Structure formats: structure tokens, C-alpha cells
Amino acid sequence: MEQGIGWTSNANLSPDGEGSTFSETALRLNAISDWSRHSATIDADVSYRKSLSGQEISEVEGGVAGQLRLDLADQWSAFVGGGYRVRPESASSPETIEDAVSRPTRHTFTGNAGVERDLGPLRLQLAGDVIRETYGDAELSGGGTLPQDDRDTTLALVRMRAGYELSPALRPFVEAEIGRRSYDEEFDRNGYQRSADRYGVRAGVEVDIQEKLRGEISAGWVSENPEDERLPTMSGLSLAANLAWSPVRGTTVALDASTEVEGSTIAGKTGSLYHSASLSVSRELRQNLTGSVLAGIGWRDYFGHDESDLVLRGEASLTWWLNRYAGITGRASHEIQRGTLPDRDYDETRVYLGMTFQR
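As C-alpha cells, then:
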């Protein structure tokens with residue numbers, strides 16, 4: 002649990018946003034099974050931010066995700082998982098709504114299931130994913146709301162992966178996916194049919210060097226072809242990474258990267274590909290002092306127009322532990338967005354000081 006006071010120079014992350022002092026409460030839960038066979042994990046978090054002075058802030062973000070893995074007979078294994086997350090739509094979202102006083106609430110439901118089998122050094126996997134996204138109405142400055150129902154979608158995917166174990170630490174793999182993005186409404190507010198067929202292929206490597214380096218990294222190509230012939234196909238590089246490296250005891254270096262296919266309801270635009278990556282370093286500086294730094298970058302490439310966005314973010318934090326269960330935490334971050342579209346550039350500086358409790 003964290004409870005503290007913060008200040009931001011740009012409360013709504015807009016070109017003309019104003020400063021605000023706010024109270025923030027955050028709860029996080031991580032549960033891992035200790036069974037001799039099979040495994041299960043549950044991760045949950047929720048945070049509430051409310052302004053104390055300055056520009057109005059009232060935001061809730063949170064979610065829960067669980068995964069169950071079953072070790073079956075004859076080198077077979079199976080997994081199933083699901084999750085839910087609610088949050089305000091990102092300020093860097095390409096779906097800018099004019100005259101909106103707050104960003105729409107975004108709900109994401111996820112589900113996945115699959116089976117694996119080892120055949121000597123060869124590992125084969127067949128899996129399916131379902132991602133459901135819905136949006137709340139946007140509140141307008143002149144009163145009333147603007148429905149976002151034509152943005153609600155369901156993405157269903159089937160993935161096939163084959164990996165080959167070169168050593169216990171390295172397993173290169175190739176993966177292909179095929180699926181369908183279905184919009185709840187056949188035509189959006191501008192009369193476009195946006196449901197699309199999805200294809201993807203990637204190659205990468207899984208790494209497991211005990212406590213030193215774990216995770217995987219891959220690169221490939223992803224494409225979505227909408228039904229409406231007036232909309233161009235979205236396709237481009239697809240990146241994914243989830244690596245944790247511990248060069249020395251008490252230090253963790255983490256690399257995360259992803260590519261998200263973003264839909265759009267803007268006339269003439271299919272959507273965009275958003276590539277993001279972050280590198281973080283966490284260190285036990287002393288027995289009662291821990292610190293971390295993070296650098297992140299995001300690049301959005303729009304299809305249908307020659308436009309783009311660049312998002313840069315940096316953060317540093319320190320926690321001074323009073324005992325095993327309580328500490329004082331301070332954080333400072335800065336984020337900027339620059340793009341070719343008008344009225345979307347912003348800068349934000351944020352600081353926070355509070356108490357951290359853990360058990």
C-alpha cells in the first residue's frame with residue numbers, strides 16, 4: 002500500500018493543462034502458488050488520485066489478472082488465464098475528442114488458453130486469446146455526453162509457436178497468429194466498416210539463465226486489413242520483450258517492449274501502430290534504501306495520413322525503509338509528447354512523497 006501527496010504541472014496532459022496538488026492511494030497484491038505440481042499466479046492493483054487544489058483530478062485505475070498452469074502427463078501442459086482492467090484513456094491516445102472535459106473510461110477484458118507439448122528439444126504450442134475493449138461516454142464542456150459505442154471491439158486470435166532448445170538457457174522460436182477484430186457496430190459514426198482480419202508472424206528467443214537472466218524477446222510483422230476498401234491496411238514491425246537481468250546481487254535491469262494496434266473512428270484513418278519500450282534499473286543502495294530509474298519511449302505511426310507521435314518519459318524513485326514493513330517513498334518524473342498533429346504536444350513534470358507499507 003502507498004499513500005501520499007503529489008504535484009503535477011499538467012493535470013490532464015493537454016497542451017494548455019494546469020498544475021494540481023493531489024492525494025494518491027495505491028494498493029497492490031501479488032500471490033504465487035507453492036504447489037509441488039502445477040502453478041498459479043494472481044496480480045491485482047488499484048489506485049485513486051484526487052485533487053486537493055488546482056485543476057480538478059478524480060481518477061481510478063486498477064485491474065486483476067490470473068494465470069493457471071497445469072502439468073499434464075506425457076510431456077503435455079496446459080494454461081488458462083484472464084483479466085480485467087479499467088483506466089482513463091491515455092492522454093496520448095490518437096482519438097482526440099474536441100470539447101471533452103475528461104478522457105473516456107477504458108475497460109479491457111482478456112482471456113487466454115492453450116496447450117504445449119515437448120518432443121525432445123522441440124516445444125510446440127497452440128493458444129487462443131480474446132481481448133474485449135469498451136469505452137465510456139465522453140463528457141463535453143458544453144454539457145451532455147458523446148457516446149463511444151462505435152469504438153467497442155473484440156479481438157480473437159489463434160497463435161501457433163514452435164521452439165527448439167539449443168541449451169537449457171536458450172530456446173529460439175517462431176510464432177504465427179491469425180485472428181479477427183470485430184466492432185460492435187457494423188458502421189462507425191463516419192460510415193466506415195472497421196472490422197478487420199489480423200495476421201502476424203515473429204521470431205525470437207526465450208532465455209532462462211537461472212537467477213541471472215530470464216524472459217523473451219522477439220520481432221516480426223503484424224497486419225490488419227479492414228473490410229472497408231476506403232481504409233488502407235495497417236501493417237508494420239511488431240516488437241515484444243520481457244527481460245529481467247540481475248548483473249549483481251541486489252540489482253535488476255528490466256527491458257519491456259510491445260507493439261499495439263490501435264483502431265480509429267477518424268474519417269479516412271485506419272488507425273495506428275504504437276511501439277513502446279522501457280528500460281529500468283532497480284538497486285538496493287543500502288540495507289534500508291532502495292532506488293530505481295526508468296527511461297521510456299513511444300512512437301505512434303498513423304495509417305491513412307503521414308503523421309506520427311513521439312512520447313518520452315523518465316522517472317526516478319527512492320524508498321527509505323524504516324523497518325521491514327514501512328518506508329518513505331519519493332518519486333519524480335517527466336513526460337513529453339511531440340507530434341505532427343496540431344494541439345497534441347504536451348509536457349508534464351510530477352513529484353510524489355508518501356508512505357509505503359508491505360507485508
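Each residue of the sequence shown is one higher than the last, beginning at 2 in my numbering. Glycine residues also receive a C-beta, built at the ideal position from the N, C-alpha and C atoms. Since the model is a prediction, treat every value here as computed from it, not as a measurement.
Does the distance from the C-beta atom of residue i to that of residue j stay below 9 Å?
i	j	result
Val61	Arg88	yes
Val131	Leu167	no
Glu178	Val202	yes
Thr252	Ser283	yes
Ser15	Tyr347	yes
Glu57	Ala27	no
Tyr85	Gly64	yes
Asp150	Glu186	yes
Asp153	Tyr193	no
Glu134	His108	yes
Gly83	Phe110	yes
Ser279	Leu311	no
Arg195	Leu232	yes
Could you pull the start and end residues of the beta strand (DSSP E) that residue i belongs to?
i	result
Glu134	123 to 136
Leu158	154 to 165
Lys51	40 to 55
Leu319	309 to 322
Tyr85	77 to 89
Ala268	From DSSP, Ala268 is part of no beta strand (DSSP E); its letter is neither H nor E.
Tyr200	197 to 210
Pro343	Here Pro343 belongs to no beta strand (DSSP E), and DSSP marks it neither H nor E.
Leu28	21 to 33
DSSP three-state call for residue i: helix, strand or coil?
i	result
Asp348	strand
Asp72	strand
Asp185	coil
Asp150	helix
Leu290	strand
Ile58	coil
Leu295	strand
Tyr303	strand
Glu140	strand
Leu214	strand
Met2	coil
Arg325	coil
Could you round the C-beta distance between residue i and residue j to whole angstroms and report it? I think they count as a contact, below 8 Å.
i	j	result
Ser318	Gly331	7 Å
Met235	Leu274	6 Å
Ala362	Arg199	Examination of residue 362 is not possible in this model, given that the chain is present from 2 through 360 alone.
Phe304	Thr271	5 Å
So is residue i buried or exposed if we call it buried at 16+ other beta carbons inside 10 Å?
i	result
Ser21	buried
Val294	exposed
Ala12	buried
Phe188	exposed
Gln338	buried
Leu73	exposed
Glu212	exposed
Thr260	buried
Tyr326	exposed
Phe1	In this structure the chain extends from 2 to 360, so residue 1 is not present and cannot be described.
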